[in-house]
Each structure stands twice: as C-alpha cells, then as structure tokens.
Amino acid sequence: RCPNQGCIFKDEGCAVECGPNEKKCYLTDYTADGSFISDQEQCVPDGDTCPCGKNTAKCANSDLCLLAAEKELVCPCKAAETECLVTDYNKDGEPTGFSTQCVKEGTACPCGKNTISCPDPNDALAKICVASNMHKRCPAPCTADAILAGNKSCVLTNLDDKGEFKSETIKCIGANETCGIGEGMKRCPSGASIALDTTCVNLYTTGGGNRRLSTSSAQRETCNAIITMSSLRPDAKSKAETVRVKMNSVLQIPSSLKTTLAIKSASTLRRLDGRKLSSTASSMIFHIDDQGIATSATPAQVCEQLKKMVKSSSPALTSAVSAVGVIDSQAGVNLETSSATLQSRSAAAVNQKNEKAGITTRLPTTTTTTTTSTSTTEASTSASTDASTSASTDASTSASTDAS
Numbered sequence: 006r007c008p009n010q011g012c013i014f015k016d017e018g019c020a021v022e023c024g025p026n027e028k029k030c031y032l033t034d035y036t037a038d039g040s041f042i043s044d045q046e047q048c049v050p051d052g053d054t055c056p057c058g059k060n061t062a063k064c065a066n067s068d069l070c071l072l073a074a075e076k077e078l079v080c081p082c083k084a085a086e087t088e089c090l091v092t093d094y095n096k097d098g099e100p101t102g103f104s105t106q107c108v109k110e111g112t113a114c115p116c117g118k119n120t121i122s123c124p125d126p127n128d129a130l131a132k133i134c135v136a137s138n139m140h141k142r143c144p145a146p147c148t149a150d151a152i153l154a155g156n157k158s159c160v161l162t163n164l165d166d167k168g169e170f171k172s173e174t175i176k177c178i179g180a181n182e183t184c185g186i187g188e189g190m191k192r193c194p195s196g197a198s199i200a201l202d203t204t205c206v207n208l209y210t211t212g213g214g215n216r217r218l219s220t221s222s223a224q225r226e227t228c229n230a231i232i233t234m235s236s237l238r239p240d241a242k243s244k245a246e247t248v249r250v251k252m253n254s255v256l257q258i259p260s261s262l263k264t265t266l267a268i269k270s271a272s273t274l275r276r277l278d279g280r281k282l283s284s285t286a287s288s289m290i291f292h293i294d295d296q297g298i299a300t301s302a303t304p305a306q307v308c309e310q311l312k313k314m315v316k317s318s319s320p321a322l323t324s325a326v327s328a329v330g331v332i333d334s335q336a337g338v339n340l341e342t343s344s345a346t347l348q349s350r351s352a353a354a355v356n357q358k359n360e361k362a363g364i365t366t367r368l369p370t371t372t373t374t375t376t377t378s379t380s381t382t383e384a385s386t387s388a389s390t391d392a393s394t395s396a397s398t399d400a401s402t403s404a405s406t407d408a409s
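Plus 5 on top of the position in the sequence shown (first one is 1) and you've got our numbering.
Right under this line is the structure:
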C-alpha cells in the first residue's frame, strides 16, 4: 500500500510525487538486445529535459525515450518537423491503417482516407479528423473561452448489441448539465463511463477533480502510453475502436476524457551475438486528452494505472485487448505526459498579428515521460469529406462531400 495511491502490484514501487515546479521523468533500462531490465521515476525542474534509460534514444521535440526499433516506428520525425499520427478508414468507418507523417513545423497535420477534416477550436494549426461514414459535421469540444466560463466537454460513446464500437460524439455542455449515457454504456459513482459488462471500480483514490485550473487560461493535459505487443491479430486494426472503448472501461475513464488508439507494426533487424535477427515490432499508442477540463482522474493518473495493469498482467486488460492481440507484459510501458495552455483560434489570430508587429507571446508547454483513436462527433460546423489516398481538406461552414 502506498500513500495517496492505495494498493499496487507487489513488484511495482510507490509512485514518486514531484513538487509544484517539477515534472516527473520515467526512465527505463534495457539490455543491448532490447530486453527490459528495470524502470524508475525521478523529478526534475519543469524546464529541464528528462534523461533517458540505458539503450534508449530520445524522440525529437519530446522527453519520450524508446528502443531504436520502437523509436523508428513511433516517432520517426526530425526536430524541425511536426509528428502527425494519421488514421485511414474504410467506407464503413473501420480503421484500416495507422501511419506517422512528418510535416514542416508550423504546418497542419493531414487527415487520413475517408475522414472529415475539421478545424480544432483550440489550436489554429491543428485539425480534428473523424471517420466520415456517418458524420457530416465537426466535433464540438468546448473552446478555451467556454471552459473558463465553467462549461465542460462531454464524450458520449455508443456500442452495438454485441458490445462493439458504434459511434461517438463530443459536445460542450454547461457546468450544471450532465453528459448523459451512450448506448450500451453505464455511469459509475466515480463519474466513469463504462460498458455495461464492466464492473464499476474506484481506481483513483486521489482524483484529478481537485486539480486547480488557471483563472485566466485553460490548461490541457495529455498522455501517450506506448504499449509493446508480443503478437497482433490479422484484423487488429479494424478492431482498434472496440478495443479502445474496452480499455476505457477497464481504466474507468471519466466522460470528459477523450482517447484514441493507434496500432503500428514494422519489420526490424537487430544483432545478437554476431547474428542478424529479423522480427516484427508492434506497438499500441493509447492517447488520453482531458480537453482542458478538470476530471476525477487526470490523463497522467490513467496512464500510470495502465502501466500498473500491464506490468501485473491484469486479466481485465488482457481480455480487453485480446481482440487485437497480446501485450508483452515484460517489455514495460513508455509514457509521455504534457500540458499546454489552450488558445482559441481567434486568440491565435491576434497573436499572429502581434508577431508580425514584433510582439511575441509564448504559451507554456511542459512534457513528462515515463516507461514501465479515435473519436467521432457531431457539431454545428459543417465539414468536407475526403476519400482520397492522402489527406482531407479543412472544414468550412457549408458541407461538401467527396465520394471519390
């Protein structure tokens, strides 16, 4: 039992608690052939860079440290580039592929095949990409101004009669409004929104609801969990959305948190005792975003809970992931958490004007690492649909559909 953390896996140490001007770094050590040795946590000043563990390399523009083969798979971009995780869909809205594209810094990321491309209301250079099979309008998360006014974003997930992913919507609701319950889902006393066949459990004894948000700006926290897979099913990518929702349920994720799941694999070549060995590296990238809302569990808390479940070979998590493959519980989980100030598109336009006048305003961003996709919505803004082989176009106020 750990202070403020409850009971944890017997082989897992108590989490390090950092000070107000510090960030947490998670180091993982591996052998030369990529076998997991151990992991540890340490605190460093907010402005410092997290160190890497043995036989790992740092991703560009990040504190995330990975094995060489996994780094090439997860974060191949250079320092002057922006990393874009792109998801392709078929006509039925099922994921068919996940890729990482590198674009010039300051350039918006593209969307994948059969998607709707929408402007992110809180990031002038970002897009929100959703499958176009049943949605002709854009997501509607709360803007930075709406969050400061007390509103909150609501993620509503719907499952079919078999418990598989059906659809998901995101909307902005008032502080005194309730998010509601999607088809095949239920609400737990903790505030978690989970599948009907999952038992409610309070996993977060020190919830994130007490996290203080700035009264002058909305702060967004995100976390990426890189999970190594020992095997993948042939149809793994098409099952990604269903597995994402099952993982949400096992992790007891609150309805204000938005998640995505990407599955990536590639052939690798490594040396062992002078021999060249060919193998396939496979990873799941589980992304958690609080959308600037204080919730009963922060993205960092959920990531650390996921890490514990992987290392303890949790039967519930193993079952949730079984539709796509088998987790390598001996490989550890690499985590990266970051926080940034949300900025509306109108505020971004003002800043761009100021920059041209020689007045620069920088928004604070902090990143933390640790070792051990996709939501679709409806809103009032119409969008364009792209079924081409590259990227979809930006949304506009009049709907335009491309059935090519």
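We put the beta carbon where it would ideally sit given N, CA and C, even for glycine.
Check: In chain order, each alpha helix (DSSP H) run of at least 4 residues that lies wholly inside the region 311 to 350; Outcome: 320 to 326
Check: Contact under 7 Å by Cβ, Ser287 with Leu237; Outcome: yes
Check: Candidates Lys118, Thr148, Gly24, Ala129, of which the one nearest Val135 by Cα; Outcome: Lys118
Check: Test item: CB-CB of Ala245 and Pro100 under 7 Å; Outcome: yes
Check: Sheet register partners of His292 (DSSP bridge); Outcome: Asn229, Thr265
Check: When Leu71, Ala149, Ile121 are compared against Ala129, the one with the closest alpha-carbon; Outcome: Ala149
Check: Sequence-distant residues of its chain with Cβ nearer than 7 Å to Ile178 (five each side left out); Outcome: Asn156, Lys157, Cys159, Cys184
Check: Extent of the continuous alpha helix (DSSP H) to which Thr120 belongs; Outcome: Counting along the chain, Thr120 falls outside any alpha helix (DSSP H), though it belongs to the beta strand (DSSP E) covering 120 to 124.
Check: Cβ neighbour criterion (16 or more within 10 Å) applied to Leu340; Outcome: buried
Check: Counted within 10 angstroms of its Cβ, other Cβ atoms place Ala180 as buried (16 or more) or exposed; Outcome: exposed
Check: Three-state class that DSSP yields for Arg142 in the structure shown; Outcome: strand
Check: Backbone secondary structure at Glu169 - three-state DSSP; Outcome: coil
Check: Distance between Val329 and Ser380 (C-alpha atoms, nearest Å); Outcome: Legend: pLDDT at Ser380 = 40, less than 50; position of this residue unreliable, value from coordinates given subsequently. Roughly 18 Å separates the two Cα atoms.
Check: Own chain residues within Cβ distance below 7 Å of Ile298, not counting five before or after; Outcome: Ile152, Lys157, Ser158, Ser261
Check: contact_flag[the region 32 to 47, the region 57 to 64] where n(CB pairs < 8 Å) is 3 or more; Outcome: yes
Check: In DSSP terms, what Cys177 is bridged to; Outcome: Ser158
Check: Proximity winner among Met289, Cys7, Ser43, Cys48, relative to Pro489 (alpha-carbon distances); Outcome: Nothing can be reported for residue 489: it is not among the residues displayed for the chain, which extend from 6 to 409.
Check: Closest Cα partner of Phe103 within the set Thr54, Tyr94, Lys109, Glu110; Outcome: Tyr94
Check: Distance CB(Val307)-CB(Ile293) smaller than 7 Å; Outcome: yes
Check: Bridge-paired residues (DSSP) for Asp93; Outcome: Gly102
Check: Cα-Cα separation between Glu110 and Ala85, rounded to whole angstroms; Outcome: 6 Å
Check: Cβ pair Ile231, Val79 closer than 7 Å; Outcome: yes
Check: Whether Cys228 touches Thr342 by CB criterion (7 Å); Outcome: yes
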